Amino acid sequence: MPAAPSVPSRTNTNSTDRSRWGGETAATTTNTTVAALPSVDAGQHPRRPTASPSAATIEVGPPTAPSGSTSSPSLPLPIRQQMPLVCPGHVKGVVGLRYSPPTADGVFLISACLDQKPMLRDAATGDWIGTFFGHKGAVWSACLDRQATRAATGAADLTARIWNALTGEALHTFEHRHIVKTVDFSTDGGRLATGGQMKTLQVYDTDRVEAPPMELGGESCHAGGCRVARFVAGHASLLVSGGPAEPELLLWDLRVPDTRQPVRTVSIGGADDGVVYGERCSDDDGVLSIVTRAGQRVQVWNVVRLECVREWAVPPGSESVALQPANRTSTAGRMAVVTNSRDNTVRVYDYHSGAERECLRGHHGPVWVAAFHPDGQSFATASDDSSIRIWQTQPQANAHAGQAVEDKAVLHADAEGGWRWNGAGADMSNAGDGRGRAAFHHHAR
392 MPAAPSVPSR
402 TNTNSTDRSR
412 WGGETAATTT
422 NTTVAALPSV
432 DAGQHPRRPT
442 ASPSAATIEV
452 GPPTAPSGST
462 SSPSLPLPIR
472 QQMPLVCPGH
482 VKGVVGLRYS
492 PPTADGVFLI
502 SACLDQKPML
512 RDAATGDWIG
522 TFFGHKGAVW
532 SACLDRQATR
542 AATGAADLTA
552 RIWNALTGEA
562 LHTFEHRHIV
572 KTVDFSTDGG
582 RLATGGQMKT
592 LQVYDTDRVE
602 APPMELGGES
612 CHAGGCRVAR
622 FVAGHASLLV
632 SGGPAEPELL
642 LWDLRVPDTR
652 QPVRTVSIGG
662 ADDGVVYGER
672 CSDDDGVLSI
682 VTRAGQRVQV
692 WNVVRLECVR
702 EWAVPPGSES
712 VALQPANRTS
722 TAGRMAVVTN
732 SRDNTVRVYD
742 YHSGAERECL
752 RGHHGPVWVA
762 AFHPDGQSFA
772 TASDDSSIRI
782 WQTQPQANAH
792 AGQAVEDKAV
802 LHADAEGGWR
812 WNGAGADMSN
822 AGDGRGRAAF
832 HHHAR
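Each residue of the sequence shown is one higher than the one before, starting from 392 at the first, in our numbering.
In structure tokens:
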């Protein structure tokens, strides 16, 4: 039996002589002002750059108070009046966003995109860390394990892959018979669930990647495949939703020998109330939030009891919902964010009452997905316009506005096909492998 790929570890890593991965410069935006982001000591984080090849930009406008208000500009503003961080880099629609849990090195954000190149970013600044190269089709789903040392992706090239999130190296490729639309690590990282346009779900042992997967379903599974598959934290269970034509949630107990039948099946609404989107909120919260199609509703389900605990109406065209972590709410109370593909907006709702608080504009195409940072102080949205935007839940009027670029290094391709830095703080070694990959080393200041 071939040995399983070793789990990446940060131990015994010297950040001053370690190669970073990524290699391909990301596109830059225009008509934006780059604001100074919090400085980072290159030695404190093996993956966090002093400056990114595609540093997040900030759309800058004058600080303003709410209409009709005499409040000082330094007071918290409505979200709609803030200037979100804009993270460029992708060249096609971004369809998936997942934050990592908090780690000793910070929090990370991974994106799935139709351009075939998932990207990893620093969640605090939006700075690009690296791009995963290898998929030959649109990437529909991406996630990180609890330590953020491994990433998983699912794509239209009929594969799911596990990656070393510290180096960008592909650790293993799992072949499928159909497009892979959803991937998820178990809480301990020992299992990887994959699903999509197939009648079965695959659960792989990440310590024995060559072993045949556990297959769930068959005729009892959703005929049109599954929209989302998520492990239930603290339980040996997997929760699966159907697609837009199948209004059901299926709960599988991975300890049950008969993997053909789910242990519970729950209807989420009427016959035409299929799932447009579903996402687990957080491991400690124990809820799954979904958007239904025909009913144009958001529903929040307790994943252990499989009970609908919240529900409210949303406009036509709603595509995804993200819930603020329950223990990280703002002073205004817990919020939910719903994206829309018809009017390109992001709407903020009160979680308890379902009342709409704000309608955010800024994306220039359908907004497919949103996700909350684990600390609840910001959330990210992704759109068909190829951008990711990071919004604060309690923005300050003067935050970032008018700040200048300070000590930011910019990566450029040179005429010989290598890479060079324009700026201070780091230098680039010869790319030299013919695939656009570049290795570089930070230097202590």
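For glycine and all other residues, C-beta sits at the position ideal for the given N, C-alpha and C. Keep in mind the model is a prediction, meaning the values are calculated, not measured.
Closest option to alanine 624, judged by alpha-carbon separation, among Arg618, Leu642 and Arg748: Leu642.
Look at glutamine 690 here: in three-state DSSP terms it is strand.
If you ignore the 5 residues before and after valine 700, its C-beta comes within less than 8 Å of the C-beta of Val678, Val691, Trp692 and Asn693, all in its own chain and listed in chain order. The C-alpha of arginine 541 is placed about 11 Å away from the C-alpha of alanine 533.
Pairing threonine 730 with leucine 751, the inter-Cα distance amounts to about 9 Å.
Here arginine 552 is buried. Its C-beta has 16 or more other C-beta atoms within 10 Å. Rounded to whole angstroms, the separation of the alpha carbons of arginine 646 and tyrosine 595 is 14 Å. CA-to-CA, the gap between glycine 487 and serine 502 works out to about 5 Å. Here threonine 656 is exposed. Its C-beta has fewer than 16 other C-beta atoms within 10 Å. Annotation for serine 680: the continuous beta strand (DSSP E) segment containing it runs 678-683. Less than 8 Å separates the beta-carbon of lysine 483 from that of aspartate 506. Each residue's CA atom was taken as its position, placing threonine 650 and arginine 489 some 28 Å apart. Within the DSSP bridge table, the entry for leucine 751 names Val737 as partners. Excluding residues up to 5 positions away in sequence, Gln687 and Arg733 lie with their Cβ nearer than 7 Å to the Cβ of proline 707 in the same chain. Asparagine 718: not part of any beta strand (DSSP E); DSSP gives it neither H nor E.
Between the alpha carbons of aspartate 579 and alanine 543 lies a gap of roughly 14 Å. Excluding residues up to 5 positions away in sequence, Leu549 and Thr550 lie with their Cβ nearer than 7 Å to the Cβ of glutamate 566 in the same chain. Within its own chain, the residues whose Cβ lies closer than 6 Å to the Cβ of valine 654, once the five positions on either side in sequence are excluded, are Leu642 and Asp644, listed in chain order. The residue among Ser777, Gln783, Gly745 and Ser744 with its C-alpha nearest the C-alpha of phenylalanine 763 is Gln783. Collapsing the DSSP output to three states places phenylalanine 499 in a strand. Taking every protein chain shown into account, the CB of glycine 724 has fewer than 16 other CB atoms within 10 angstroms, so this residue is exposed. If you check the CB distance, serine 632 and isoleucine 570 do not come in under 8 Å.
A Cβ-Cβ separation of about 23 Å leaves arginine 748 out of contact with glycine 669 under the 8 Å criterion. DSSP places aspartate 536 outside any beta strand (DSSP E), giving it a letter other than H or E.
Taking C-beta atoms as the reference points, alanine 539 and threonine 573 fail to come closer than 8 Å.
Here isoleucine 570 carries a coil assignment [DSSP, helix/strand/coil]. In the three-state reduction of the DSSP assignment, glutamate 560 falls in the coil class, being assigned neither a helical nor a strand state. Between histidine 481 and serine 777, the gap from beta carbon to beta carbon is short of 8 Å. In the three-state reduction of the DSSP assignment, glutamine 783 falls in the strand class. Pairing leucine 500 with alanine 771 gives a Cβ-Cβ distance under 8 Å. Residue range 591-596 is occupied by the beta strand (DSSP E) that includes glutamine 593. Here phenylalanine 770 is bridged, per DSSP, to Phe763 and Trp782. Leucine 505 carries a coil assignment under DSSP once its states are collapsed to helix, strand and coil. The Cβ neighbour count for alanine 761, taken over all protein chains shown within 10 Å, is at least 16; the residue is labelled buried. Judged by DSSP secondary structure, aspartate 649 falls outside any beta strand (DSSP E); it is assigned neither H nor E.
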